[in-house]
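Trainee: Mind looking over this structure? Questions follow.
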Amino acid sequence: MNAEVRAIKTSAEQGLVQAYAGARGTLPGDGVVAALREDAFKRFDAGGLPHRRVEEWKYTDLRALMREAKPLAGPADRRPEAIVDITSVLSGVEPSLIAIVNGRYAPEWSDKNQSDPGVTVLELFAFAGGSPDYRLGQGPGKDDAALGLNTVFMTGGVGLRIKKNAAPAKPIHIAHVFSGKAAAAMYPRSVVVVEPGAHLTLIESFSGPDGIDYQVNSALELVIGDNAQVDHIKIGYDGNAALRVSTLGATVGAKAAYRDFVFTSGGAVVRNQTFVRFAGEGTKGAIGGVSLLKNRQHIDNTLVIEHAAANCESREQFKTVLDGQSHGVFQGKIVVEPHAQKTDAKMMTRALLLSEDAEADNKPELEIFADDVVCGHGATAGALDPGLKFYLMSRGISEKESEALLIEAFIDETIEQIAHEGIRDALKFAALKWLGTRG
Amino acid sequence: MLLEVKNLHVEVDDKKILNGLTLSVEKGQVAAIMGPNGSGKSTLAYVLAGKDNYKVTEGDVLLDGKSILAMAPDERAAKGLFLAFQYPVEVPGVATMTFLRTALNAQRKTRGEAELSTPEFMKLVRETSKHLGIDQEMLRRAVNVGFSGGEKKRNEILQMAILQPRLAVLDETDSGLDIDALKIVAEGVNRLRSPKRSMIVITHYQRLLNFIVPDVVHVLAKGRVVKSGGKELALELEAKGYAQYADEAA
Chain A
1 MNAEVRAIKT
11 SAEQGLVQAY
21 AGARGTLPGD
31 GVVAALREDA
41 FKRFDAGGLP
51 HRRVEEWKYT
61 DLRALMREAK
71 PLAGPADRRP
81 EAIVDITSVL
91 SGVEPSLIAI
101 VNGRYAPEWS
111 DKNQSDPGVT
121 VLELFAFAGG
131 SPDYRLGQGP
141 GKDDAALGLN
151 TVFMTGGVGL
161 RIKKNAAPAK
171 PIHIAHVFSG
181 KAAAAMYPRS
191 VVVVEPGAHL
201 TLIESFSGPD
211 GIDYQVNSAL
221 ELVIGDNAQV
231 DHIKIGYDGN
241 AALRVSTLGA
251 TVGAKAAYRD
261 FVFTSGGAVV
271 RNQTFVRFAG
281 EGTKGAIGGV
291 SLLKNRQHID
301 NTLVIEHAAA
311 NCESREQFKT
321 VLDGQSHGVF
331 QGKIVVEPHA
341 QKTDAKMMTR
351 ALLLSEDAEA
361 DNKPELEIFA
371 DDVVCGHGAT
381 AGALDPGLKF
391 YLMSRGISEK
401 ESEALLIEAF
411 IDETIEQIAH
421 EGIRDALKFA
431 ALKWLGTRG
Chain B
1001 MLLEVKNLHV
1011 EVDDKKILNG
1021 LTLSVEKGQV
1031 AAIMGPNGSG
1041 KSTLAYVLAG
1051 KDNYKVTEGD
1061 VLLDGKSILA
1071 MAPDERAAKG
1081 LFLAFQYPVE
1091 VPGVATMTFL
1101 RTALNAQRKT
1111 RGEAELSTPE
1121 FMKLVRETSK
1131 HLGIDQEMLR
1141 RAVNVGFSGG
1151 EKKRNEILQM
1161 AILQPRLAVL
1171 DETDSGLDID
1181 ALKIVAEGVN
1191 RLRSPKRSMI
1201 VITHYQRLLN
1211 FIVPDVVHVL
1221 AKGRVVKSGG
1231 KELALELEAK
1241 GYAQYADEAA
C-alpha cells in the first residue's frame, strides 16, 4: 500500500482545489494554456499556499493570512466606482486607460481611442496564442508559488505590444478594479512586450471598495527589448479589507533603461513581488517604492533582481512609513551571476516607525558569483528624529504639521525618482492625502 | 517685564543643571548671558524654547506674567519666543522656503492673523535675505543641508527676521564664525533691535558683545546668575576670566 505524506490542507487550500475542479472546464485559453494550468495546479496541490517555513514567505505567511478562498469573481454588470476613484488620482496624467474589471479585460470601460499606431492591445489569450516571439509564464519568478496560483486560475487581462522604436504619446494605465458587492477572488494576468528601441510609461493600478475582503492574485509579465526605455509605476489603492498578491516578472534587454516604482497605501494584506532579470549588457535599472501603512495593514515588497549580463547598473530604494499596529516587510535580493562582471548594484531600504506598535522587517540579501562587481546594501529603521521635530516646532509649526513635513520629506525623496512629472505629482498628492488621514 | 525666570531648577537625565536661576528681561532690553562651559547657558535656552527631556523641578518661567512651562514649543513660538540654535539642525527634504512659509503662516494662524499670500511672502524673504547675504539658490535648498557653519547661523537670523519675535534667545550665535561672518550676523541682529523686541544673547566670549552691545550682562555659574552689571562687566570677564565665580555659585 502506498501512503502519500501530505500536509493537511487549510480551508482556503481545500476551497482552491474545489474551485479549480469546478472551473477547470470553463477557464479560458487554448491547450497550451490548459497544460500550464494543470502543471501549476499539481504544484499547488502538493505544496499548498506559501507559508512561514518557506524562506521567501517567512514574514508574509499566506497560509495563515488567507483564511478562505473566495469564489471566482463574475463579470461586472456596471461601470465600477473604483475606476472613477483611481482615474481621479491620475487626473493630471490623462493616461490611456485599459480596464481590467473583476479579473477580465473590459474593453467597454477602456479608452476607445487606443489609436496610437505603435500600440496594439489584445485580450490576453488572443495575444498569447498569436505571438510567436513570446511564451506565457517563462519569465523571471516563474517558480514562485503565488505566481503559480495565478497560472492555475488566470481569468484574463491584456497582451500589450509596443512596436519597435514606437513611443506612445500618453502613458498607458492598466487599471485593475473590483466591482462586486460581495467578496470574490480575481486572477488577472497581463503581458507587455516592449520591442527594441520603444518607449513606454506604464501605470498599473489596483483598487476596489472598502469593507469587502476581496482577493486579488495578479501577474504582469514584462518583456523589454534592447535599447528600450520603460517606466513602470504600480499603484496599490485597494479597499481596506482586500488581500492582494501581485507578481511582476520583467526581463530587460541590452542598453535599456528600466525604472520601476511601487506605491502602496491600500489593502489589508498586500504583497508586491518584483522579479527583474537584466538579461542584456549595459542596461540601467532603478527599482523603488513607497509603502504607507496604518491600522493593522500588512504590506510586503519582495524583490529579486538578477544581474545576468555584464555592465548593468541597478539602484533599489524603498521607503516604508508605518503607523498604528501595521507590519511592513521589505525583502530585497540581488543576484549577480558568474559572467555578470562590472555589475554595479546598490540597494537601500528605510523604515520610518510612527508608532510603538508598528513592526518593520527589512531583509536585504546579496548573492554574488562574479568577482569584479560593486554591490552594496543598507537598511535602517527608526522613529522621527526628535531633534528635527523640536527645531520645526520651535518655529511655531505644530507637532502634527512638523511630523507631516518630515514624513513628506522622507517619502518625497523616493517619489522624486519617478521620471513622469504628472505621476510624480499624483503620488505626492496621494501621500499627502494619506498624511491627512493620520489620527 | 517681558520675561521673568524665577528660581528655576532644571534636571537633564537626573543631573541638576540649573540651580535656582532667577533673571528678568525688560521689554526692548538686550541682555547678555555669559558663563563658563557647563554653567547652564544652553540649558536655559532650551528650557525657554520648550525642549523635551528638560525637567523643571522647581520655579517658573513667565512671559507677559504668564507661565509658559506647560506650553509646547510651537505655542511659545506663536507667543513671540524665538531660539537661534547654537547648532542648527539639517532638515533633509524640506526646502528652506517651504519651511519659512509654513512657520510664518502657522504662527500667524495661531495668533488669528491672516496668512501671507505667496507674492507677499516672496517679497518679504527676498528683502530680508538680501541684507544677510543669503542668495535665492540657498533658499531653494533643504533647510541647513550642505550649508556652511556661517550659512547656518545666517539662516537662523533670517528666520528670526521673518518671524519677528518679541523675545529672541541667541545661543552662542558667534560660535564657529570667522570675523567677517560674525559681522554679517551681528549686523543682522542689530537691524532687529527695537523697543518692542527683547534679546537674550548667550555667549562664552566677549567678542560678540563688541558687535551686539548689550544693555545688561548676567554672569551664569553652576546653574544660577552670580553677578549682573552693565556692558563693562563683559570686559572685566574677558580680562579676569570666570575663575573668580567658581566658588560663589557653590
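Top line first, the protein sequences correspond to chains A and B. Sequential numbering from 1 applies to the first sequence in the working numbering. Sequential numbering from 1001 applies to the second sequence in the working numbering. A virtual CB, placed ideally from N, CA and C, is assigned to each residue, including glycine.
Judging by CA-CA distance, which residue of Glu-1026/B, Ile-1017/B, Lys-1016/B is the nearest neighbour of Leu-1003/B?
Mentor: Residue mapping note: residue 1003/B aligns to position 3 of the second sequence, counting from 1. Residue Glu-1026/B is the option with its Cα nearest to Leu-1003/B.
Trainee: Would you say the beta carbon of Gly-378/A comes nearer than 7 Å to a heavy atom of the ligand NAP?
Mentor: The ligand NAP is absent from the structure shown, which contains no ligands of any kind.
Trainee: Could you tell me which whole beta strand (DSSP E) segments of length 3 or greater appear in the stretch 215-275 of chain A?
Mentor: 215-224, 229-237, 243-252, 257-264
Trainee: Please confirm whether Ala-256/A and Gly-280/A have their CB atoms less than 8 Å apart.
Mentor: To locate residue 256/A, count along the first sequence from 1; it is residue 256. To locate residue 280/A, count along the first sequence from 1; it is residue 280. A contact, by the Cβ cut-off of 8 Å.
Trainee: Check whether the Cβ atoms of Pro-209/A and Ala-82/A lie closer than 8 Å to each other.
Mentor: As a working note, residue 209/A is residue 209 in the first sequence. As a working note, residue 82/A is residue 82 in the first sequence. Yes. Within cutoff.
Trainee: When you compare only the Cα positions, how much space is there between Arg-1207/B and Ile-407/A?
Mentor: What you label residue 1207/B is simply residue 207 of the second sequence in a count that begins at 1. What you label residue 407/A is simply residue 407 of the first sequence in a count that begins at 1. Those two C-alpha atoms are separated by around 41 Å.
Trainee: Check Phe-281/A in the structure and name its three-state DSSP category.
Mentor: Your numbering for residue 281/A matches position 281 in the first sequence. Going by the sequence as given, residue 281/A is Glu instead of Phe. Coil, per DSSP.
Trainee: For Ala-1249/B, would you say it is in contact with chain A, using Cβ-to-Cβ distances shorter than 8 Å as the test?
Mentor: Taking the first residue of the second sequence as 1, we reach residue 1249/B at position 249. Unreliable placement is indicated for Ala-1249/B, whose pLDDT of 45 sits below 50; the coordinate value is still reported in the next sentence. With a threshold of 8 Å between beta carbons, Ala-1249/B makes no contact with chain A.
Trainee: Which residues in chain B have a C-beta closer than 7 Å to the C-beta of Leu-405/A? List them in chain order.
Mentor: Stepping through the first sequence from its first residue, residue 405/A is reached at position 405. Within 7 Å Cβ-Cβ: Val-1094, Thr-1102.
Trainee: Could you work out which residues of chain A lie near Lys-1051/B, taking near to mean beta carbons separated by less than 7 Å?
Mentor: Here the question's residue 1051/B lines up with position 51 in the second sequence. Here the neighbours are Phe-390.
Trainee: Let me know if Arg-161/A comes out buried or exposed under the rule of 16 or more other beta-carbons within 10 Å of its beta-carbon.
Mentor: Working through the first sequence from its first residue, we reach residue 161/A at position 161. Arg-161/A is buried by the Cβ-count criterion.
Trainee: Suppose you measure from the CA of Ile-86/A to the CA of Glu-195/A; what does that come to, to the nearest Å?
Mentor: The residue you call residue 86/A lines up with position 86 of the first sequence. The residue you call residue 195/A lines up with position 195 of the first sequence. So the two alpha carbons sit approximately 28 Å from each other.
Trainee: Look at Lys-1006/B and Asp-1060/B and say whether their C-beta atoms are less than 8 Å apart.
Mentor: Position 6 of the second sequence, counting from 1, holds the residue named residue 1006/B. Position 60 of the second sequence, counting from 1, holds the residue named residue 1060/B. Yes, Cβ-Cβ distance for Lys-1006/B and Asp-1060/B is below 8 Å.
Trainee: Using the beta-carbon count (16 or more within 10 Å), is Pro-1195/B buried or exposed?
Mentor: Sequence index remark: in the second sequence, residue 1195/B carries index 195 (1-based). Counting Cβ neighbours within 10 Å, Pro-1195/B comes out exposed, since fewer than 16 surround it.
Trainee: Tell me, please, which residues DSSP counts as bridged to Asn-362/A.
Mentor: The residue labelled residue 362/A in the question sits at position 362 within the first sequence. Note: Asn-362/A sits in a beta bridge opposite Phe-330/A.
Trainee: Please list, in chain order, the chain A residues whose beta carbon lies closer than 7 Å to that of Thr-1043/B.
Mentor: Here residue 1043/B refers to the residue found at position 43 of the second sequence. Within chain A, no residue comes near Thr-1043/B; the closest Cβ sits about 14 Å away, beyond 7 Å.
Trainee: Please report how far the alpha carbon of His-1131/B lies from the alpha carbon of Arg-1191/B, in whole angstroms.
Mentor: Along the second sequence, read from residue 1 onward, the residue named residue 1131/B stands at position 131. Along the second sequence, read from residue 1 onward, the residue named residue 1191/B stands at position 191. Rounded to the nearest angstrom, the two C-alpha atoms are 9 Å apart.
Trainee: So is Val-1074/B buried or exposed if we call it buried at 16+ other beta carbons inside 10 Å?
Mentor: Position 74 of the second sequence holds residue 1074/B. The residue you asked about is not Val; residue 1074/B is Asp in the sequence shown. Asp-1074/B is buried by the Cβ-count criterion.
Trainee: For Val-216/A, tell me which candidate among Ala-268/A, Leu-136/A, Thr-349/A, Leu-388/A has the shortest Cα-Cα distance.
Mentor: Position 216 of the first sequence holds residue 216/A. Nearest option by C-alpha distance: Ala-268/A.
Trainee: If we count the other Cβ atoms within 10 Å of its Cβ and call it buried at 16 or more, is Glu-13/A buried or exposed?
Mentor: For the purposes of this step, residue 13/A is identified with residue 13 of the first sequence, where counting begins at 1. Looking at its Cβ environment, which holds 16 or more other Cβ atoms inside 10 Å, Glu-13/A is buried.
Trainee: Please confirm whether Asp-1064/B has its beta-carbon closer than 8 Å to some beta-carbon of chain A.
Mentor: Translated into the one-based positions of the second sequence, residue 1064/B becomes position 64. It does not; no Cβ of chain A falls within 8 Å.
Trainee: If you measure between the beta carbons of Pro-1092/B and Glu-1156/B, is that distance less than 8 Å?
Mentor: In the second sequence, the residue the question calls residue 1092/B occupies position 92. In the second sequence, the residue the question calls residue 1156/B occupies position 156. No, Cβ-Cβ distance for Pro-1092/B and Glu-1156/B is not below 8 Å.
Trainee: If contact means a Cβ-Cβ distance below 9 Å, which residues of the stretch 1077-1091 of chain B contact chain A?
Mentor: Ala-1077, Ala-1078, Leu-1081, Phe-1082, Leu-1083, Phe-1085, Pro-1088, Val-1089, Glu-1090, Val-1091
Trainee: Just tell me which of Gln-297/A, Ser-91/A, Leu-354/A, Val-192/A has its CA closest to the CA of Asp-213/A.
Mentor: Looking up residue 213/A in the first sequence gives position 213. Nearest C-alpha to Asp-213/A: Gln-297/A.
Trainee: So for Gly-148/A, helix, strand or coil by DSSP?
Mentor: Here the question's residue 148/A lines up with position 148 in the first sequence. Here Gly-148/A sits in helix by DSSP.
Trainee: Are Ala-99/A and Val-177/A touching if we call contact CB-CB under 8 Å?
Mentor: In the first sequence, the residue the question calls residue 99/A occupies position 99. In the first sequence, the residue the question calls residue 177/A occupies position 177. Their beta carbons are under 8 Å apart, which means Ala-99/A touches Val-177/A by this criterion.
Trainee: My guess is that Gly-422/A and Val-93/A are in contact by the Cβ rule of under 8 Å, so how many angstroms apart are they, rounded?
Mentor: The sequence position of residue 422/A within the first sequence is 422, counting from 1. The sequence position of residue 93/A within the first sequence is 93, counting from 1. With a Cβ gap of about 4 Å, Gly-422/A and Val-93/A count as contacting.
Trainee: Measuring CA to CA, which of Ala-21/A, Leu-49/A, Glu-38/A, Phe-41/A is closest to Ser-11/A?
Mentor: Taking the first residue of the first sequence as position 1, residue 11/A is located at position 11. With distances taken between Cα atoms, Ser-11/A lies closest to Leu-49/A.
Trainee: Out of Val-223/A, Trp-109/A, Leu-149/A, state which residue places its alpha-carbon closest to the alpha-carbon of Lys-164/A.
Mentor: Within the first sequence, residue 164/A is the residue found at index 164, counting from 1. Of Val-223/A, Trp-109/A, Leu-149/A, the residue nearest in Cα terms is Val-223/A.
Trainee: From Asp-300/A to Val-84/A, what distance separates their C-alpha atoms?
Mentor: For the purposes of this step, residue 300/A is identified with residue 300 of the first sequence, where counting begins at 1. For the purposes of this step, residue 84/A is identified with residue 84 of the first sequence, where counting begins at 1. The straight-line gap from Cα to Cα measures roughly 27 Å.
Trainee: Use the C-beta contact count for Val-374/A: other C-beta atoms within 10 angstroms, 16 or more gives buried, fewer gives exposed.
Mentor: Position 374 of the first sequence, counted from the start, is the residue given in the question as residue 374/A. Classification of Val-374/A: exposed, given that the 10 Å Cβ count is below 16.
Trainee: Have a look at Leu-220/A, Gly-197/A, Pro-168/A, Ala-182/A and flag the residue whose alpha-carbon is nearest the alpha-carbon of Gly-239/A.
Mentor: In the first sequence, the residue the question calls residue 239/A occupies position 239. Comparing Cα-Cα distances from Gly-239/A to each of Leu-220/A, Gly-197/A, Pro-168/A, Ala-182/A, the minimum goes to Ala-182/A.
Trainee: What residues in its chain sit with their C-beta under 6 Å from that of Ser-153/A, if we drop five residues either side in the sequence?
Mentor: Within the first sequence, the letter at position 153 stands for residue 153/A. Note that residue 153/A corresponds to Phe in the displayed sequence, not to Ser. Excluding residues within five positions, the ones whose Cβ falls inside 6 Å are Tyr-187.
Trainee: Going by Cα to Cα distance, which pick from Leu-1182/B, Ala-1049/B, Thr-1128/B is closest to Thr-1203/B?
Mentor: Within the second sequence, residue 1203/B is the residue found at index 203, counting from 1. Ranking the options by Cα distance to Thr-1203/B, first place goes to Leu-1182/B.
Trainee: When you compare the CB positions of Cys-312/A and Thr-274/A, do they come within less than 8 Å of one another, or not?
Mentor: Mapped onto the first sequence, residue 312/A falls at position 312. Mapped onto the first sequence, residue 274/A falls at position 274. Not in contact: Cys-312/A and Thr-274/A (Cβ atoms no closer than 8 Å).
Trainee: Could you name the residues of the same chain whose beta carbon sits closer than 6 Å to that of Leu-292/A, not counting the 5 residues immediately before and after it, in chain order?
Mentor: Locating residue 292/A in the first sequence gives position 292, counting from the first residue. Counting only Cβ-Cβ distances below 6 Å, and skipping sequence neighbours, we find Ser-265, Val-321, Trp-434.
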